[in-house]
Structures are given as C-alpha cells and as structure tokens.
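Everything below concerns the one structure shown next.
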Amino acid sequence: NGSYGNSRTFSNGSTSVTATGWSIDNQGVVRQGALGRWDRGLGVLNSSTDNSHTVDNSGWIDFVVFQFNTSVALDQVSFFTGFNNLYDTDATIGFGNLASAFAGDLSNFSFYDLPGMRGNNVRDVNPNGSFGNTWIVGASAVNTDGHADGFKIGGFTYDTAGAVPEPATWAMMLLGFGFAGAAMRR
C-alpha cells in the first residue's frame, strides 16, 4: 500500500507514467490520498477509516491521476471490482495536457462519464481517440444509476502520439513517389 501524497512511477520502454491518488471530500475539497498497489491493481485510501482499497464513490469520490512523459491516447482500462460484484464500474474520465498534475490552465481539460457494469471487465475509455499527457480515471462523479462504484485499476493500454509530417515533408514524399513511379514505368 502507500502513504498519503505518494506517487508511483511505471515505465514501458521510452514511455513512463507517474500515478497519484486523490479524493474529493464531502465539501468538494480535493485531497491527496494514498495510492495503493494491491494484488488486483491500484486503489486509493482517502482517510484512516477508509479500508476499501478501491477507487470508489462511497462517501468521498476517489480518482487516480496518470501523468505521462508524452502525449498518449488511453485506450482501455482493466477494472477489477471484486467484492462479489457489489460495486459497478461507472467511471469519470478526464484528459488534457498539463505541465504537472493540477498545475496550469485547466480550460483545455475534458471530462466525460462512462456508464459501467458490474464485475471485472476491460473497457474502452476513449471513444474519440483523444490524446493528452495527463489522464484521470475515477469513480463516477455523476453516478446516474445510483449504484456504488468501486474498482481497482488493473492496467491499461495506450497509444503514443506519432509525429505528423510538415507540409514540406509531404510535398517531398509525393515528389519522391512520383519520380519512383516514373522510373518504374520507364
């Protein structure tokens, strides 16, 4: 498990991510949580009486901030509910580009809710293929179905942003293909 205000860093080749746990208390104040790593994934402890080890919205609303070293498109997240499927996986997802977590202009940060289901599942969390260097995965802040949400984050998949050629590069490539085609035809 972890201590309050801790972070965990994970690396996959040239891409690394630092994860931190947070909660929104009953007064709407964002507080640092303890990001724990248990056998089924990451969870948040938000107070000394919180023994759920999950990202949940029972009382406080827990979420995990993932700060990548590059812009990525988060594709799928593995949700583990455990607890005999008492909880479901309604989630609030957020993304944007920030210099560091909660530092900078949040006007370009986007949030959306994903209705969930009960039980363990891998879910597509990015229907529009959006990119950002900061991603938030949290228990539903809206919770339209009224069921308690609680899960551990078992893992995720992502795509890194590829380089986009500049117009001059495109022109050079097209000319090159044209010359190659003409030479082949001859």
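For the record, in the sequence shown the residue sitting at position 114 is 663 according to the working numbering, with numbers rising by one throughout. Even glycine gets a Cβ: it sits at the ideal position worked out from N, Cα and C.
- Excluding its 5 nearest sequence neighbours in each direction, Ser-620 has C-beta neighbours in its own chain below 8 Å: Asn-646, Phe-680, Gly-681, Asn-682, Thr-709, Ala-710, listed in chain order.
- Per DSSP, reduced to three states, the secondary structure at Asn-657 is helical.
- The criterion of a C-beta distance shorter than 8 Å is satisfied by Val-604 and Ile-702.
- At the C-beta level, Ile-685 and Tyr-661 stay beyond 8 Å of one another.
- Between the alpha carbons of Val-613 and Met-666 lies a gap of roughly 20 Å.
- Residue pairing by DSSP puts Gln-625 in a beta bridge opposite Asp-673, Thr-706.
- Beta-carbon to beta-carbon, Leu-584 and Ser-563 are separated by about 23 Å, too far to satisfy the 8 Å threshold.
- Under DSSP, the beta-bridge partners assigned to Leu-663 are Ala-640.
- Inclusion of Phe-700 and Phe-629 in the CB contact set at 8 Å is warranted, their separation being smaller than that value.
- Between Gln-616 and Val-671, the gap from beta carbon to beta carbon reaches 8 Å or more.
- DSSP places Phe-680 in the coil class of the three-state scheme, outside both helix and strand.
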